[in-house]
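Written out below as structure tokens is the structure these notes cover.
Residue numbers (this note's numbering): 177 to 445.
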């Protein structure tokens with residue numbers, strides 16, 4: 177028997193094989209071992225804050241003392257992406273400033289299966305190999321013709337790939353000046369500060385800088401800061417990214433939410 181977990185009734189997680197699968201789309205995603213161990217810790221403590229020190233121990237064991245915070249954030253980022261790709265919408269893993277992370281989903285149930293998903297994959301591979309062995313009885317002439325066809329198709333794919341590569345190289349990576357929903361406000365230390373269009377006000381710069389001065393910003397790792405807040409509710413979200421979100425390259429971001437924070441309540445829009 178192999179242990180598994182069902183998330184929101186349609187996502188299956190198998191810790192032993194480190195796989196996620198969706199009963200709705202049929203999609204299946206393989207994740208790395210530390211990321212799978214982080215997810216197993218989260219599904220066993222839904223709605224509870226798990227400290228960073230606990231996550232180091234869970235995912236890397238005794239070697240956790242040698243793991244950097246950046247490595248932990250990268251695995252959290254990979255886990256967030258895997259959960260979104262498999263069909264879990266929204267921010268299921270939230271950073272709680274100074275405390276750790278919290279996993280928020282509607283429902284998690286533990287289950288057991290007789291066959292591990294990885295075994296099923298191996299069965300499919302074995303079945304696909306059998307026809308190839310039967311082809312060994314083909315005549316030399318048939319093999320020669322087949323080889324030429326494969327060579328021709330391969331050459332066409334290589335040529336197509338080269339064309340696509342040079343087309344992509346000619347496209348500028350900066351898609352637009354700034355993200356649609358954020359506007360550049362100012363520079364703070366080595367960070368570029370953006371605020372949402374609703375929140376943007378040059379008069380709020382001093383108070384935003386005062387708020388940021390109380391935070392441990394990692395400007396060398398995450399030099400682009402996106403703030404979203406409103407005077408209607410005392411909640412501030414801070415998204416820190418390695419690159420501007422309007423770049424076409426893959427980005428690495430982390431999200432922090434400050435609840436009941438009064439630092440910007442007096443800002444007028």
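From the three backbone atoms N, C-alpha and C, an ideal C-beta is built for every residue, glycine too.
DSSP beta-bridge partners of residue i
i, result
"residue 404", "413"
"residue 190", "195"
"residue 279", "269"
Three-state class that DSSP yields for residue i in the structure shown
i, result
"residue 243", "coil"
"residue 274", "coil"
"residue 389", "helix"
"residue 221", "coil"
"residue 258", "helix"
"residue 285", "strand"
"residue 211", "helix"
"residue 431", "strand"
"residue 371", "strand"
"residue 178", "strand"
"residue 184", "coil"
"residue 421", "coil"
"residue 216", "helix"
"residue 263", "coil"
"residue 321", "helix"
Within 8 Å, strictly: CB atoms of residue i and residue j
i, j, result
"residue 393", "residue 401", "yes"
"residue 217", "residue 234", "yes"
"residue 380", "residue 404", "no"
"residue 196", "residue 269", "no"
"residue 207", "residue 248", "no"
"residue 274", "residue 225", "no"
"residue 282", "residue 184", "yes"
"residue 431", "residue 413", "yes"
Boundaries (first-last residue) of the alpha helix (DSSP H) holding residue i
i, result
"residue 200", "Counting along the chain, residue 200 falls outside any alpha helix (DSSP H), and DSSP gives it neither H nor E."
"residue 398", "It is not in any alpha helix (DSSP H) - residue 398 carries neither H nor E in the DSSP assignment."
"residue 207", "Counting along the chain, residue 207 falls outside any alpha helix (DSSP H), and DSSP gives it neither H nor E."
"residue 229", "228-236"
Start-to-end residues for the beta strand (DSSP E) that takes in residue i
i, result
"residue 361", "358-364"
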